[in-house]
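Have a look at the structure below before the remarks.
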Amino acid sequence: MKQIKRTLFFLLVFPLAMGAQELKGDSPIPFDPSVKTGKLKNGLTYYIKKNAKPENKVDLRLVINAGSILETDEQQGLAHFMEHMCFNGTKRFPKNKLVDYLQSIGVKFGQHLNAYTSFDETVYFLPIPSDDASKLENGFNILEDWAFNAVLTPEEVDKERGVVLEEYRLGLGASKRMMGRYMPKMMYKSHYADRLPIGKKEILENFKYDKLTSFYKDWYRPNLMSVIVVGDIDVAEMEKKINDHFGKYQNPKNEKPRKVYDVPNHKETFVAVESDKEASGTQVQLIYKDHNAPKKTVTVADYRADLVENIFTTMLNNRLDELTNSPTPPFTFGYSYHGGTWARTKEAYQSFAMTQEDKQLEALKVLVTENERAKKYGFTQSELDRAKSDYLARYEQAYNDRDKSNSEMFVSEYQSYFLEGTPAPGIAWEYEAVKQMLPKVELKDVAGFVKEYVKDDNRVVIITGPEKEGLKKVTEQEVLNTLKVNSDEVKPYEETAVASSLLRKEVKAGKITNKEFNANIGATTLTLSNGVKVTYKKTDFKNDEVLMEGISFGGTNLYTNDEAKKTQFANGALTEAGFSGLKLNDINKFMAGKIANVNPYIGSTSEGFRGSATPKDLEYLFQTVHAYFTDLNLDKEAFEGYKQKQSAFFKNLSSQPNVYFQQEFYGYLMKENPRYFGMFPDDKAWETTDYELAYKKYKERFANAGDFEFFFVGNVDDKAIEEFSAKYLASLPSTDKKEKAVDLGYRMLKGDLKKVVNKGTDPKSSVTIMYYGDADYSPKEALAMQALGEVLTIKLIEELRENESGVYGVSARGSMSKVPNGAYNFSIGFPCGPENAEKLTASALRELQKIIDNGPVEGDVVKFKEAELLDYKKDIKENRYWLSNFSRSYTNGTNADDILKFEEKVNAITAKDIQAVAKKYLTKDKVVGILMPEKS
């Protein structure tokens, strides 16, 4: 992908003042001067940046410019295997001491501590506390050991084979089978087609130890490495640590050249039409590969070219979105872009669509036609203006939050700079560049992209979908015929008038009747004249963010069983109709350049809204809420379009063995619940779905605003929120009626139960163990139940993964809920080989029984506490965390101030508390569900 796209994710900071001097096209793009960068004598490159969000934490990353593409035939899969071995023991941290140590300082394995291997690189992530010198030093010890001191004993290698093979097993299925058939066409005559990072099963099972050792020695070397340090640190101290830990290592004397592999061009159009009985969706991919290697973005002129390309992509995708929102959508979703392929050395213009199982050619036709429309007629001035305003709004938001970005965002940016030379000038430079360049972008600038990208050679079409009786498979010739567009039949894009407002009815403002301030948590609560309550907390966590949730008890539990059945699958369609007489496309056009969104919902026990906006666009959020309350459209055509898209998505989902298992398992547990109508709608369910009834029930649920409380968290202006609340919320219709969350009394089956489901042809299984039931809700027990899940997960990883080599991943989770009824829920889950399912189930239950009998190991309780407190210190300075706290407090009827007592509560948890909830809730009924392959 191009640099401009990346920037919106990584939001680099350039803290120095910058004048609006004219940018010259041949000038080089600068590198962010707030980053300390250098190269050691041995060639290792480093990047260091001080960033205090989150406080007292640093993100360390080791980047190796080597991946599976460099493997020999005998090493296929060993780049990824080597990544695994780095967590299995190093010189300073033998065997599992590394994971054990990191857990003891609050770093969770998998969630915080992680790594990945791709074709061209291997990357290790290590976020750690930075307020303790010994922890910081050990962080660098770990990075150094990963780079140069991994322990590759035959014993540890053989133990890890099982874990890696379980990860290999996870990837088996319809997608892998179809990829194996189309990859040789997609990456024609390229080394990439033969070097998928997961490797080959027979090699993973049988490779000689020296093959792994040689890969490590050949490619884990200083001149292919980068160390990236971003966080709440002292830059000079970090630079010294990098020198001390990495400066002493040398590159191999006869080092292997780091080859770069090309993807050869081809005159043919390759077509791959692949199907599989377990394929759960239908996709169409249209790929025009570039003739030449990607051009580096080096100068200001290069940057402008990327910007213009992205404006083109935005406009084309806006057109595809409009088609998706039409009454007869050609696909569930579709998009086009120009960017990277599997190979660093090849970019392509790529279009993608997810469609109905029998509409593949029609979807392809639309993608081809829209390319031709853009090629022949270009775009309208209105389209360009909307794309430019959207673009500028996103950059403005990024710039406004330039000093509020999390460290992990910067780390990824510098990684791209190291590996691919992606520019990293900082958001201040980019925002100024975009402001200068955008006004000068004209229609003629974007007109040439499709002509350059779309061609008759170097073209690949990939169609994948289900294989089943009665479904005709498209032919290669049909695909080739579809690519031929009669240009004379293609008409220009028709622009429609843009709405002047989100509201069409006059708003008669109400009043604020009371205002209270909670000094403990810095929250203000307004009571409005119609009974609506508005609680808001002003924060400085983000400069350009306000989050919102509105909630009221009620939900579908107040429907009759028949109403619930007829509306369940229609509720999601309600917003597809738009509001205020505006269709979705009208709303999207009006909102160009504005950042505000609102999504209404109806749950089982409540209804409400979730949304967000920039402070500048907050009024549009309030207007949207008002419109959803008072003026939701009824549009049967929009419902039919929604039904078509949903049907395409869900129709074959249960062909996937894991999904089929969930469907059968929960269908069994819910068989006595008259409200359970299945996980997904089928043709029969759509026949009984009543859109007009769903609309009527929605109007009932949102008829009384006086039963709602709204919560806002972020950079809130007191005057603005009071004004908007009085105008748009206090004016809503209301009554004095207050509803409650209703418990209908329906429960899943109880008892010591077991359900085995056979589905799928691959040797794959999964196990789910569940404990659940009614309970008097206790905040202390709820926290102890959560702790039980975390400490059991630690033990399950040690036993099932490290000792038995039987799983790749395993987890346990515990929780308690209060609404609509007090309940507990505890689950254990893991994928595995069918031959090990029963044995590993017994092992998991044995680990749980140890905690029931003896309580957890004190060291594991400490690990839980450290991780919770580390997360809390970060979360307490996030708007999302505070918003969740407000809505949770409303739902549970608890005090929002309790958020300030979290550390105290965590520190008070003991091993005895955890053992107590295990004994109380997990010694009686349980349910075991096992997915097994189909019997041959």
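So the sequence shown is residues 439 to 1374, counted in our numbering.
Just so it is clear, CB atoms sit at the ideal spot from N, CA and C, and this is done for glycine as well.
Here the structure is a predicted model, which means the values were calculated and not measured.
Contact defined as beta carbons within less than 8 Å: I believe residue i pairs with residue j. What is the distance between those atoms, to the nearest angstrom?
i, j, result
"Val-738", "Lys-462", "6 Å"
"Leu-1221", "Thr-1062", "Actually they are not in contact, since the Cβ atoms of Leu-1221 and Thr-1062 sit about 37 Å apart, beyond 8 Å."
"Asp-1200", "Leu-498", "That belief does not hold up - the Cβ atoms of Asp-1200 and Leu-498 are roughly 37 Å apart, past 8 Å."
"Thr-1052", "Glu-983", "7 Å"
"Leu-1369", "Ser-1204", "5 Å"
"Val-1299", "Ile-1352", "7 Å"
"Lys-953", "Leu-964", "6 Å"
"Val-1036", "Gly-1049", "4 Å"
Rounded to whole angstroms, what is the Cα-Cα separation between residue i and residue j?
i, j, result
"Val-709", "Val-1154", "54 Å"
"Leu-1194", "Gln-1094", "The amino acid occupying residue 1194 in the given sequence is Val; Leu does not appear at that position. Each residue's alpha carbon lies about 16 Å from the other."
"Asp-569", "His-776", "43 Å"
"Lys-797", "Pro-768", "8 Å"
"Ala-1282", "Leu-1238", "7 Å"
"Ala-786", "Ile-725", "6 Å"
"Gly-1227", "Ala-1250", "5 Å"
"Thr-735", "Val-1245", "43 Å"
"Asp-894", "Asn-924", "15 Å"
"Gly-1116", "Gln-1101", "7 Å"
"Glu-1372", "Tyr-1114", "26 Å"
"Thr-1126", "Glu-1078", "14 Å"
"Thr-475", "Pro-695", "25 Å"
"Trp-1124", "Leu-1107", "23 Å"
"Ala-957", "Glu-575", "40 Å"
"Leu-446", "Glu-1014", "With a pLDDT of 38 at Leu-446, under the threshold of 50, the modelled position of that residue is not reliable, and no figure is offered here."
"Lys-1311", "Asp-1024", "43 Å"
"Tyr-974", "Phe-1149", "6 Å"
"Gln-1241", "Lys-597", "Sequence inspection shows Asn at residue 1241; the Gln mentioned does not correspond to that position. Cα to Cα, Asn-1241 sits roughly 8 Å from Lys-597."
"Tyr-562", "Lys-910", "46 Å"
Leaving aside the five residues before and after residue i along the sequence, list all residues of the same chain whose C-beta is less than 6 Å from its C-beta, in chain order.
i, result
"Lys-906", "none"
"Ala-504", "Trp-657, Leu-662"
"Glu-643", "none"
Look up residue i in the DSSP assignment and say whether it is helix, strand or coil.
i, result
"His-729", "coil"
"Thr-860", "coil"
"Ile-1368", "strand"
"Met-1186", "coil"
"Gln-915", "helix"
"Val-923", "coil"
"Ile-671", "coil"
"Phe-531", "coil"
"Lys-491", "coil"
"Ser-652", "helix"
"Pro-1272", "helix"
"Pro-1038", "strand"
"Ala-1051", "strand"
"Thr-1348", "coil"
Buried or exposed: residue i, going by 16 or more other Cβ atoms within 10 Å of its Cβ?
i, result
"Arg-1284", "exposed"
"Leu-802", "buried"
"Ser-572", "exposed"
"Ala-1002", "buried"
"Lys-1027", "buried"
"Asn-526", "buried"
"Arg-897", "buried"
"Arg-942", "exposed"
"Pro-690", "exposed"
"Phe-955", "exposed"
Just to confirm my understanding: we take residue i, look at its own chain, exclude 5 residues before and 5 after, and list those with CB closer than 7 Å. What are they?
i, result
"Val-888", "Asn-809, Ala-812, Lys-813"
"Ala-731", "Thr-783"
"Glu-858", "Arg-782"
"Lys-1343", "Leu-1221"
"Lys-1178", "Phe-991"
Give every residue of the same chain whose Cβ lies closer than 8 Å to the Cβ of residue i, excluding the five residues on either side of it in the sequence, and list them in chain order.
i, result
"Ala-1143", "Asn-968, Gly-969, Val-970, Phe-1067, Leu-1167, Leu-1170, Pro-1171, Ser-1172"
"Lys-649", "Thr-510, Glu-512, Gln-513, Leu-516"
"Tyr-931", "Arg-757, Arg-811, Tyr-815, Phe-817, Thr-818, Glu-821"
"Thr-528", "Leu-536, Ile-580, Asp-583, Trp-584, Asn-587, Ala-588, Val-589"
"Asp-1335", "Asn-956, Asn-958, Ile-959"
Would the C-beta of residue i count as close to the ligand MN, meaning under 7 Å from any of its heavy atoms?
i, result
"Lys-1004", "This structure lacks the ligand MN, and indeed carries no ligand of any kind."
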